[in-house]
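Going by the numbering used here, the sequence shown opens with residue 9, and the numbers climb by one from there. Reviewing the structure listed below.
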Amino acid sequence: MIRNIIDNIIADKSYSIEDLSLVLQCNDDDRKYLFKKSQEIKEKYVGKKVYFRGLIEYSNICAKNCYYCGIRRDNKTLERYTMTNDEVIEAAMFAYKNRYGSIVIQSGEISSPAFTENITHLLTQIKKLSNAELGITLSLGEQNEKTYKQWYEAGAHRYLLRIETSNKEHYQKIHPNDDLHSYENRVNMLNLLKKLNYQVGTGVMIGLPFQTYENLAADLMFMKEFDIHMCGMGPYIEHKDTPMYSWDIKLLPIKERYNLTLKMIAILRIMMKDINIASTTALQAIDPIGREKAITIGANIIMPNITPRKYRDKYFLYDNKPCADEEAEDCIRCLEMRIKYAGGEIGYNEWGDSKHFLNKLSHE
Ligand code: SAM
Ligand code: SF4
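Given below as structure tokens:
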């Protein structure tokens, strides 16, 4: 029964949210079948290459108050920072010299004119200093059309904005109920980014309070119907200084959230065969070889953290975030071994753009 559903998904025959939900709950035997298939599909459609995105955690200042996030505005236990422009350029040049191919600039959500202008300046500088060879992804939250446009024109060409959960009621439960945290706006932003020609990535957290298997199945369907180009999804992990931490509700055990994340990645890979899927750091926080497992069964993007060490313990979105005391140089050596172990090879010096995006462009 489950195997039939998996075969239907692979053949792009019709399947429902209920079908996806059943696959998410499958037993070990069927899971092996799913992973075997997702591995095959990955190799056939996107190959063995794993692309780097050097992650620069630019600032932990955030105007928002998402109930789950360690750098939310009202977490007063946190020392706030913004990297200097020299530090950002240095990190970007580290990525360039080490043939990473691309970087991601991520931050808490700030929408001031000064912030917008500075990001534009940084994009222009990084493009110039890397002879336009370094690809740039942004993950800077919800902004207005003018800002997104300005950043695109300055050199950013991919944008990550997780929907977090595609169910509006669920979204409202895990965010404050105000204009700053509007589900509709989140969806509008994703549409806007697409309209502006960005390669658009979204994703969800897995194992959130109140989340059902049907919710997760609907999340997968949302991504398929929205026709995303990239996906970054990972397990929800508690942070002790957030409201969600003290909610009196039963969460899935952490290992279950991890297993469910691997299933989500494998199912998305067979649903959307040529998109980019990131193997997220949160997986590694649960299992030391979590990211490698994700690569084996469907992911093809990895985001080594290249934020200066002195800021690492200030960008804790969740407890026990890995690599807080590792310098970028340590990470690159261990990553090379890790990716080999996962049966992949590193796409050095390549942007590793979403094949789904490029395939669509060539058919237009
Ligand atoms: N502020 C931007 C935004 O929200 O889109 C980008 C930075 S935000 C820290 C990046 C992602 O971190 C969020 O989309 C969210 O899914 C994830 N995140 C936040 N808190 C988390 C937690 N406790 N566990 C796992 N992921 C978390
Ligand atoms: Fe801010 Fe993003 Fe964290 Fe929400 S998830 S509090 S927007 S950094």
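Just so you know, even glycine gets a beta-carbon here, dropped at the ideal spot from N, CA and C. Given the structure is predicted, the values throughout are model-derived calculations rather than measurements.
- Scanning Asn313, Lys281, His237, Val54 for the CA closest to the CA of Ala99 turns up Asn313.
- Contact annotation: Val54 and Ile354 have beta-carbon atoms that are not nearer than 9 Å.
- If you keep only unbroken alpha helix (DSSP H) runs of at least 4 residues inside the region 120 to 190, you get 121 to 137, 153 to 161, 176 to 182.
- Beta-bridge analysis with DSSP links Thr90 to Ser67.
- When C-alpha distances from Leu204 are compared across Val195, Glu161, Phe230, the shortest belongs to Glu161.
- Taking a cut-off of 6 Å from the heavy atoms of the ligand SF4, the residues with a C-beta inside it are Cys70, Lys72, Cys74, Cys77, Ile79, Arg80, Gly116, Glu117, Gly149.
- Counting only runs of 3 or more residues that sit fully inside the region 191 to 255, the beta strand (DSSP E) segments are 207 to 210, 238 to 240, in chain order.
- Assigned with DSSP and collapsed to three states, Tyr59 falls in strand.
- Annotation for Gly240: Leu168, Arg170, Gly209, Gly211, Ala286, Thr288 place their beta carbon closer than 7 Å to its own, counting only its chain and skipping 5 residues before and after.
- Per the coordinates, the alpha-carbon of Glu153 lies some 8 Å from the alpha-carbon of Leu201.
- Distances between the C-beta of Gln292 and the heavy atoms of the ligand SAM are all 8 Å or more.
- For Tyr108, the CB contacts under 6 Å within the same chain, skipping 5 residues up- and downstream, are Phe60, Gly62 in chain order.
- Take Lys232, set aside five residues on each side of it, and the residues of its chain with a beta-carbon closer than 7 Å to its own are Met279, Met280, in chain order.
- In terms of Cα proximity to Pro243, the closest of Arg88, Lys258, Glu264 is Glu264.
- Bridge pairing for Ile354: Val58 [DSSP].
- In this structure, His178 and Gln219 form a Cβ contact; the two beta carbons are roughly 7 Å apart against a cut-off of 8 Å.
- Partner residues in the beta bridge of Gln114, as assigned by DSSP, are Glu65, Ser147.
- A Cβ-Cβ distance of about 12 Å is found for the pair Leu137 and Ile111, leaving them out of contact under the 8 Å criterion.
- Going by DSSP, Asn12 is part of the alpha helix (DSSP H) stretching over 10 to 18.
- A straight line joining the alpha-carbon of Arg346 with that of Asp256 spans about 38 Å.
- Contact annotation, Ile127 with Trp159: C-beta distance approximately 6 Å; criterion of less than 8 Å satisfied.
- Distance from Ile10 to Asp38 at the Cβ level is roughly 4 Å; contact confirmed, criterion being Cβ atoms closer than 8 Å.
- Straight-line spacing of the CA atoms in Ala290 and Arg299 works out to 9 Å.
- Within the DSSP secondary-structure output, Ala103 pairs in no beta bridge.
- Contact between the region 292 to 307 and the region 71 to 86 is absent, with fewer than three C-beta pairs closer than 8 Å.
- Across the structure, Arg317 and Phe43 are spaced so that their CA atoms are roughly 36 Å apart.
- Burial check for Ala19: the Cβ neighbour count within 10 Å stays below 16, so the residue is exposed.
- DSSP places Asn267 inside the alpha helix (DSSP H), whose first and last residues are 262 to 279.
- Taking all protein chains shown into account, Asp187 has fewer than 16 neighbouring C-beta atoms within 10 Å of its C-beta and is therefore exposed.
- Cβ-Cβ distances below 6 Å link Leu148 to Ser115 in the same chain, with the five nearest sequence neighbours on each side left out; the list follows chain order.
- Taking 8 Å as the cut-off, one finds no heavy atom of the ligand SAM near enough to the beta carbon of Leu201.
- Residue burial is scored here from C-beta neighbours: His129 has fewer than 16 other C-beta atoms within 10 angstroms and is therefore classed as exposed.
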